[in-house]
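> The sequence shown begins at 2 in the numbering used here and counts up one residue at a time.
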Amino acid sequence: MPITIVRYTTRPEAAQTNADLISQVFAELAAQGRDDLRYAAFRLGDQEFLHLSLAQAQPSPLHGIAAFRRFREGVEQRCVEPPRSLSAVLVGQYRLPDLLR
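#1: Taking 8 Å as the threshold (C-beta atoms), are Thr5 and Arg79 in contact?
#2: So the alpha helix (DSSP H) Glu74 belongs to, where does it begin and stop?
#3: How long is the line joining the alpha carbons of Val92 and Leu30, rounded to whole angstroms?
#4: With DSSP run on the structure shown, which of helix, strand or coil describes Ala89?
#5: Is the beta carbon of Val26 less than 8 Å from the beta carbon of Phe69?
#6: Taking C-alpha atoms, which residue in Leu51, Ala89, Gly34 lies nearest to Phe43?
Below is the structure:
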């Protein structure tokens with residue numbers, strides 16, 4: 002399952018809006034009950050965010066989520082450091098929840 006990591010830094014005044022938009026993505030995912038995607042978002046300090054996505058299909062099913070499209074619409078304007086997407090390969094894990102299974 003391909004792993005994508007995205008990291009970026011928001012403007013101070015946009016950090017909470019960004020977190021709220023991310024919460025809406027999780028609410029929509031929970032309502033849909035998708036099992037073709039593993040997704041987590043982390044807030045690192047006040048303004049930095051990291052997203053971890055494992056999707057069975059490419060492009061990621063996240064792109065079909067309305068709340069995710071709303072999140073992405075203004076992400077560049079909310080950022081001082083734009084999102085950087087990286088592909089990752091799992092080398093190992095210890096007792097992580099179902100996120101990486």
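Even glycine gets a Cβ: it sits at the ideal position worked out from N, Cα and C. Values in this document were obtained by computation on a predicted structure and should not be read as measured data.
In brief:
#1: In the sequence shown, the residue the question calls residue 79 occupies position 78. In the sequence shown, the residue the question calls residue 5 occupies position 4. Result no, Cβ atoms of Arg79 and Thr5 do not sit closer than 8 Å.
#2: As a working mapping, residue 74 is identified with position 73 in the sequence shown. Per DSSP, Glu74 belongs to the alpha helix (DSSP H) from 67-74.
#3: Reading the sequence shown from its first residue, position 91 is the one you call residue 92. Reading the sequence shown from its first residue, position 29 is the one you call residue 30. Between Val92 and Leu30, the C-alpha separation is close to 27 Å.
#4: In the sequence shown, counting from the first residue as 1, residue 89 sits at position 88. Here Ala89 sits in strand by DSSP.
#5: On the sequence shown, position 25 is the one that residue 26 refers to. On the sequence shown, position 68 is the one that residue 69 refers to. Yes, Cβ-Cβ distance for Val26 and Phe69 is below 8 Å.
#6: Reading the sequence shown from its first residue, position 42 is the one you call residue 43. Closest option to Phe43, Cα to Cα, is Leu51.
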